[in-house]
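Please read the structure below before turning to the comments.
Number of protein chains: 2
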Amino acid sequence: MDAVSLVDRMLAGDRTALARLMTLVEGRAAAVPAIMARLYARVGKAHVIGVTGPPGAGKSTLVDRMAAQLRAQGRKVGIVAVDPSSPFSGGAVLGDRIRMQAHFLDPGVFIRSLSTRGSHGGIPRAARDIVRLLDAFGMDDVIVETVGVGQTELDIMRLADTVIVVLVPEAGDAVQVMKAGLLEIADLFVVNKADREGADRLQQELSQMLTLRPATEWTIPVLRAQAKDDVGTTPVVEALERHRAFVRTHDRRDERERARRAGDVLDILDEELHRRVREGLASDGLASLVESVRAGTMDPYTAATRILADPQALAALLAKEPRHG
Amino acid sequence: MDAVSLVDRMLAGDRTALARLMTLVEGRAAAVPAIMARLYARVGKAHVIGVTGPPGAGKSTLVDRMAAQLRAQGRKVGIVAVDPSSPFSGGAVLGDRIRMQAHFLDPGVFIRSLSTRGSHGGIPRAARDIVRLLDAFGMDDVIVETVGVGQTELDIMRLADTVIVVLVPEAGDAVQVMKAGLLEIADLFVVNKADREGADRLQQELSQMLTLRPATEWTIPVLRAQAKDDVGTTPVVEALERHRAFVRTHDRRDERERARRAGDVLDILDEELHRRVREGLASDGLASLVESVRAGTMDPYTAATRILADPQALAALLAKEPRHG
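In order, the protein sequences belong to chains W and F.
Take any residue in the first sequence, note its place counting from 1, add 5, and you have its number in our numbering.
Take any residue in the second sequence, note its place counting from 1, add 5, and you have its number in our numbering.
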């Protein structure tokens with residue numbers, strides 16, 4: 006079946022079509038632009054919730070608890086678990102997913118793990134497109150959970166309307182949160198495993214740090230939880246609901262969506278140009294230049310500069326079907 | 006001082022010039038191509054050693070011990086510690102660096118931490134160029150240490166002539182090593198913290214897994230160490246020396262270097278085209294197209310496809326100085 010028909014079936018509620026589209030998107034298939042163009046009119050309704058924090062903070066468990074409460078309210082929930090950078094925790098994540106699948110044999114939930122080690126920004130792009138698939142499919146909330154707090158994770162969090170940062174006492178102090186750039190993206194902090202030593206101190210440090218910021222219309226809550234025992238989930242979901250209402254009434258969501266759309270154009274161009282350059286460099290026209298670089302008679306910077314400075318060479322490089330000869 | 010003069014001073018042995026060049030390279034300054042072209046003839050002598058593995062495996066400690074032994078042999082050692090994805094361990098890494106700096110107030114050692122959260126492949130590129138700076142500076146060995154085992158880390162490990170994968174019993178089993186793609190890149194396994202429970206089992210699993218591979222000329226050793234107590238460092242350094250001799254006699258190093266050079270051309274083109282597209286999209290010529298995407302009247306995929314399909318639009322987009330109007 007062609008990709009466009011798959012989109013139409015997915016939009017009609019076919020979960021198998023949704024899963025197949027996710028696989029295409031995750032593999033960055035050539036059909037991705039056609040798929041996304043077909044469903045773009047249907048996206049923008051879901052509230053996207055990003056959940057991030059250091060490994061071992063109990064994010065999956067918290068997401069599990071939150072999803073249960075959102076389902077109890079009748080909201081349809083999509084979950085995307087991104088684990089690009091820690092194959093060593095792969096087992097645990099997979100275990101969580103299996104647990105969640107069992108817990109939610111429920112047409113109102115769709116869970117997808119994204120663990121492909123892609124390169125060239127592939128993971129944030131795949132995550133973004135999978136969020137949009139879930140959005141177009143009709144999920145009210147889409148939770149994107151990332152393991153780790155590196156650049157890939159920050160890129161992914163840019164998708165979110167509400168960002169929840171989950172911390173644990175042993176993960177470090179508030180200064181490290183600031184250093185990691187989490188203060189700029191957090192709409193809500195959760196100090197998880199709050200029965201452990203240091204939880205009070207971490208909560209106080211975070212609250213203090215937040216009072217030092219210029220006043221904004223949204224006050225970032227610092228909540229405590231023990232997700233494993235389902236303690237503290239309700240206040241987290243309530244805070245999420247307050248933030249959801251806040252972003253809707255303050256037009257912040259529309260603003261973010263506009264910025265995201267513009268960013269998408271850049272991303273799509275980058276991805277396609279990368280593909281064309283990779284193919285173009287292998288074409289006959291540039292073979293001798295690349296060969297002198299391989300042989301060490303020309304340095305790569307000189308070679309690249311030469312291509313970039315020559316509009317004809319650049320056009321040949323970027324032609325959809327590089328000319329051989 | 007201009008960048009080219011800095012390169013000349015660095016090549017004459019000026020450590021301050023080296024540090025300043027590293028800062029330029031880390032920030033992906035506009036002068037990077039000129040810097041790298043100037044020193045390219047001087048690179049290719051150093052043996053590049055990649056050390057990777059999961060967080061908490063004791064990599065920094067092992068690198069510290071190895072560097073001490075290499076120094077005792079009179080080899081000059083550069084160390085690049087890359088920590089792109091775990092700001093939460095930033096404190097510890099910084100602490101290690103300070104310890105190492107104190108230990109090695111020695112002109113034969115140069116240590117650089119690389120923790121900038123760059124995007125668009127910036128970290129692997131900065132790491133690569135810093136390795137080349139250390140190489141051109143005259144270091145005999147350059148050790149690149151990465152925290153984590155994600156795509157960024159695997160990209161960085163491609164720089165290395167010898168890859169050492171450090172594991173600890175609690176990091177998971179051999180199957181996870183395979184899943185993480187570490188089996189394909191490892192030239193040497195070290196089971197660190199070998200006094201802990203599970204070390205025997207991990208070592209056996211790894212050895213068994215390695216016997217299942219087709220025979221190759223290099224037999225991958227699986228060594229045990231307790232780097233903290235400086236136990237097992239000598240066998241690791243001896244195995245490293247055997248591998249160094251192996252790659253030199255089997256021409257594998259030249260092959261890798263040729264592939265790296267060709268890969269560099271692609272990387273440099275990608276980086277520059279990304280910059281041009283970002284600027285080009287902001288130019289007057291494309292403002293109305295981008296505006297319809299922001300407003301939601303055109304989807305980003307259609308907009309990008311339209312630009313890509315029009316050679317003139319593409320040429321305008323990628324012109325070094327985008328035309329306004």
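By construction, the Cβ of each residue, glycine as well, lies at the ideal position given by its N, Cα and C atoms.
Would you say residue i faces chain F, with C-beta separation under 9 angstroms as the test?
i                      : result
residue 16 of chain W  : no
residue 275 of chain W : yes
residue 29 of chain W  : no
residue 188 of chain W : no
residue 52 of chain W  : no
residue 278 of chain W : yes
residue 240 of chain W : no
residue 60 of chain W  : yes
residue 46 of chain W  : yes
Shortest alpha-carbon distance to residue i belongs to which of the options?
i                      : options                       : result
residue 2 of chain W   : W:75, W:60 and W:131          : Any property of residue 2 of chain W remains undetermined from this structure, which presents chain W solely from 6 to 330.
residue 76 of chain F  : F:128, F:169, F:174 and F:242 : F:242
residue 118 of chain F : F:30, F:320 and F:36          : F:30
residue 146 of chain F : F:47, F:51 and F:219          : F:51
residue 25 of chain F  : F:8, F:251 and F:17           : F:8
residue 112 of chain W : W:79, W:281, W:277 and W:129  : W:79
residue 168 of chain F : F:188, F:265 and F:312        : F:188
residue 53 of chain W  : W:302, W:272 and W:163        : W:163
residue 208 of chain F : F:172, F:28, F:221 and F:232  : F:172
residue 211 of chain F : F:198, F:193, F:223 and F:200 : F:193
residue 61 of chain F  : F:216, F:321, F:170 and F:27  : F:170
residue 244 of chain F : F:33, F:230 and F:234         : F:230
residue 225 of chain F : F:255, F:19 and F:215         : F:215
residue 49 of chain W  : W:256, W:151, W:305 and W:141 : W:141
residue 280 of chain W : W:221, W:33, W:219 and W:200  : W:33
residue 152 of chain W : W:64, W:201 and W:68          : W:64
residue 204 of chain F : F:277, F:228 and F:13         : F:228
residue 23 of chain F  : F:143, F:72, F:234 and F:74   : F:143
residue 200 of chain F : F:232, F:190 and F:288        : F:232
residue 69 of chain F  : F:59, F:83 and F:267          : F:83
Who pairs with residue i in a beta bridge, going by DSSP?
i                      : result
residue 193 of chain W : W:169
residue 57 of chain W  : W:170
residue 68 of chain F  : In the DSSP output, where bridge partners are listed per residue, residue 68 of chain F has none listed.
residue 151 of chain W : W:87
residue 26 of chain W  : Looking at the DSSP assignment, residue 26 of chain W forms no beta bridge with any residue, so it has no partner.
residue 117 of chain F : F:85
residue 13 of chain F  : Answer by DSSP bridge pairing: none, since residue 13 of chain F is not bridged.
residue 146 of chain W : W:52 and W:82
With a threshold of 8 angstroms, establish whether the CB of residue i neighbours any heavy atom of the ligand NAD.
i                      : result
residue 197 of chain W : Because no ligand of any kind appears in the structure shown, any question about the ligand NAD cannot be addressed here.
Mind pulling the chain F residues with CB within less than 8 angstroms of residue i?
i                      : result
residue 283 of chain W : 271
Flag residue i as yes if its beta-carbon sits less than 9 angstroms from any beta-carbon of chain W, otherwise no.
i                      : result
residue 41 of chain F  : yes
residue 323 of chain F : yes
residue 305 of chain F : yes
residue 49 of chain F  : yes
residue 38 of chain F  : yes
residue 24 of chain F  : no
residue 174 of chain F : no
residue 179 of chain F : no
residue 328 of chain F : Since pLDDT at residue 328 of chain F reaches only 44, below the 50 mark, its modelled position is unreliable, and no value is offered.
residue 7 of chain F   : no
residue 21 of chain F  : no
Could you list which residues in chain F have their beta carbon closer than 7 angstroms to that of residue i, in chain order?
i                      : result
residue 320 of chain W : 316 and 320
residue 11 of chain W  : Ordered by position in chain F, no residue passes the 7 angstroms Cβ test against residue 11 of chain W, which lies about 16 angstroms from the chain.
Which bits of chain W does residue i rub up against, with CB to CB less than 7 angstroms?
i                      : result
residue 263 of chain F : 299
residue 308 of chain F : 270
residue 295 of chain F : 267 and 270
residue 312 of chain F : 274
Give the interface partners of residue i over in chain F, defined as CB-CB distance under 9 angstroms, in chain order.
i                      : result
residue 286 of chain W : 267, 270, 271 and 274
TODO: Within the region 210-290 of chain F, note down every full beta strand (DSSP E) run reaching 3 residues or more, in order along the chain.
DONE: 227-229
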